[in-house]
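Residue numbers (the working numbering): 30 to 479.
Positions of the beta carbon are idealized from the N, C-alpha and C atoms, including for glycine.
Remarks on the structure that follows.
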């Protein structure tokens, strides 16, 4: 809209002696300053002799219709961007799988401390690239979280430090040493932390402090959450604060007070927390800062400590704690197939490599006919132009109903990855993965009882 004044429609009608229709983009500004998008028309009023004695104007308020059209346009635009982001992240994750896998192998073969240090720095950079790919996937949406047991303390510190690198704002951490384990999607929770910390950083343009706290709590009688153990997270800034009239709107999609904002950051955070059966709230005082409070359900069991100890082993200390297995792997990317085979061989397993589902089924059937069936299959979920992992496992289960299977994909937000058991798989590894993650997933899958 140009916001230029229009000619008086009454004068236009009288001068032209005909019906006049104005643009649907006309804005009518009332005395109180409220703006309404209108579609209007004017027609001459004639007396019995046909002479024009006046004009009648008809205004139709199109404001709501226009808002709906704009929201639909935004939604479709975001869906398109989301599809693009998801595709880029998938390809990025495939590349990173090959890079990180080769770095893992180079580290275990490294003979000098200097080269090992250089390789570790390269791996750290690859891990940051993995975080970027996860951000793209989270933006592209995709349904239910892919849950794994995780340590929220490390995620809080790593994500906050990453976001504030080079900023004039400094974080302070107040994290309980005995935090409960969570069963959650690490990539999605990282996005929640990023969005809130970014807002906190922007609220303090002159610099300042952000407090990040986490503690265990037992809920009893919460208005929206079931009773039980939770991890409570506080993220507090000391910035400009949020005016009271906006507090109830900040989790609404597209609501923003920033000129360059899209209003999606906090609505995305809210959506993710809800998908984790959690709770998020905000309190603020103009001029005194803002505090976000997040509650996430915890997993409390006797095996948590042992699990945490196992999963924190360094790559160089990986050992095959299970018997050598005969493993069938399927991936349409040669580089991934090669490094995956090398990592599995290093872990002590025998490996058969296949490029698509049809090859995998053929080799699986042949091994059974020879009386030497595979102990485990690892299938790529997406195979462009070929039989996918989802389709392949259906056929393998027909041949061997108790086959142990792991699904892998760069599309970490694919519904199959979140609900892998419903599709016949026993475990999942998100690309890009480290050798330690692969080894631990295999150990867990092979320890499952049918």
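Which of helix, strand or coil DSSP assigns to residue i
{"i": "residue 144", "result": "helix"}
{"i": "residue 290", "result": "Confidence is the limiting factor: at residue 290 the pLDDT is only 46, short of 50, which leaves the residue's position unreliable, though a coordinate-based value still follows. In the structure shown, residue 290 sits in coil (DSSP, three-state: anything other than H, G, I, E or B)."}
{"i": "residue 467", "result": "helix"}
{"i": "residue 449", "result": "helix"}
{"i": "residue 203", "result": "strand"}
{"i": "residue 83", "result": "strand"}
{"i": "residue 48", "result": "coil"}
{"i": "residue 460", "result": "coil"}
{"i": "residue 320", "result": "strand"}
{"i": "residue 386", "result": "helix"}
{"i": "residue 340", "result": "Only weak support is given to the placement of residue 340: the predicted model assigns it a pLDDT of 42, under 50, and the question is left unresolved by the model."}
{"i": "residue 331", "result": "Low confidence applies here, because residue 331 scores a pLDDT of 49, under 50, leaving its location unreliable and the question unanswered by this model."}
{"i": "residue 269", "result": "coil"}
{"i": "residue 15", "result": "Outside the displayed range of the chain (30 to 479) lies residue 15, so it cannot be described from this structure."}
{"i": "residue 133", "result": "helix"}
{"i": "residue 119", "result": "helix"}
{"i": "residue 236", "result": "coil"}
{"i": "residue 244", "result": "strand"}
{"i": "residue 73", "result": "strand"}
{"i": "residue 348", "result": "Only weak support exists for where residue 348 lies, its pLDDT of 46 falling under 50; the value from the coordinates is given anyway. Coil, per DSSP."}
{"i": "residue 380", "result": "strand"}
{"i": "residue 192", "result": "helix"}
{"i": "residue 22", "result": "The shown model of the chain, from 30 to 479, leaves out residue 22, and the question about it has no answer."}
{"i": "residue 363", "result": "helix"}
{"i": "residue 444", "result": "helix"}
Proximity to residue i [Cα-Cα], best of the options
{"i": "residue 474", "options": "131, 463 and 453", "result": "453"}
{"i": "residue 464", "options": "126, 229, 243 and 82", "result": "126"}
{"i": "residue 409", "options": "384, 432, 299 and 36", "result": "384"}
{"i": "residue 281", "options": "295, 268 and 254", "result": "295"}
{"i": "residue 196", "options": "225, 386, 238 and 44", "result": "238"}
{"i": "residue 113", "options": "440, 455 and 477", "result": "440"}
{"i": "residue 312", "options": "306, 304, 305 and 321", "result": "321"}
{"i": "residue 394", "options": "370, 426 and 74", "result": "426"}
{"i": "residue 187", "options": "241, 151, 230 and 213", "result": "241"}
{"i": "residue 251", "options": "36, 49, 324 and 55", "result": "324"}
{"i": "residue 255", "options": "306, 176 and 40", "result": "306"}
{"i": "residue 44", "options": "82, 399, 33 and 77", "result": "82"}
{"i": "residue 158", "options": "185, 119 and 175", "result": "119"}
{"i": "residue 275", "options": "315, 308, 253 and 263", "result": "315"}
{"i": "residue 64", "options": "411, 79, 73 and 95", "result": "95"}
{"i": "residue 224", "options": "279, 253 and 175", "result": "279"}
{"i": "residue 176", "options": "198, 202, 210 and 183", "result": "210"}
{"i": "residue 46", "options": "36, 84, 235 and 78", "result": "84"}
{"i": "residue 387", "options": "376, 397, 434 and 415", "result": "415"}
Beta-carbon proximity check, residue i vs residue j, cutoff 8 Å
{"i": "residue 265", "j": "residue 246", "result": "no"}
{"i": "residue 419", "j": "residue 445", "result": "yes"}
{"i": "residue 204", "j": "residue 243", "result": "yes"}
{"i": "residue 181", "j": "residue 208", "result": "yes"}
{"i": "residue 69", "j": "residue 56", "result": "no"}
{"i": "residue 373", "j": "residue 390", "result": "no"}
{"i": "residue 136", "j": "residue 145", "result": "yes"}
{"i": "residue 213", "j": "residue 258", "result": "no"}
{"i": "residue 226", "j": "residue 248", "result": "no"}
{"i": "residue 360", "j": "residue 354", "result": "no"}
{"i": "residue 97", "j": "residue 73", "result": "no"}
{"i": "residue 468", "j": "residue 376", "result": "yes"}
{"i": "residue 470", "j": "residue 435", "result": "yes"}
{"i": "residue 71", "j": "residue 49", "result": "yes"}
The ligand ATP heavy atom lying under 7 Å from the CB of residue i
{"i": "residue 35", "result": "Among the components modelled here there is no ligand, and therefore nothing to report on the ligand ATP."}
Anticipated Cβ contact below 8 Å, residue i with residue j, distance rounded
{"i": "residue 232", "j": "residue 268", "result": "3 Å"}
{"i": "residue 92", "j": "residue 58", "result": "Not a contact, Cβ separation roughly 12 Å."}
{"i": "residue 406", "j": "residue 432", "result": "6 Å"}
{"i": "residue 129", "j": "residue 152", "result": "7 Å"}
{"i": "residue 122", "j": "residue 461", "result": "5 Å"}
{"i": "residue 358", "j": "residue 366", "result": "7 Å"}
{"i": "residue 86", "j": "residue 38", "result": "6 Å"}
{"i": "residue 134", "j": "residue 371", "result": "6 Å"}
is_contact[residue i, chain D] using C-beta, thresh 8 Å
{"i": "residue 275", "result": "The chain labelled as chain D is not found in the depicted structure, where only one protein chain is given."}
The stretch 296-309 / the stretch 213-225 touching (three or more Cβ pairs under 8 Å) = yes
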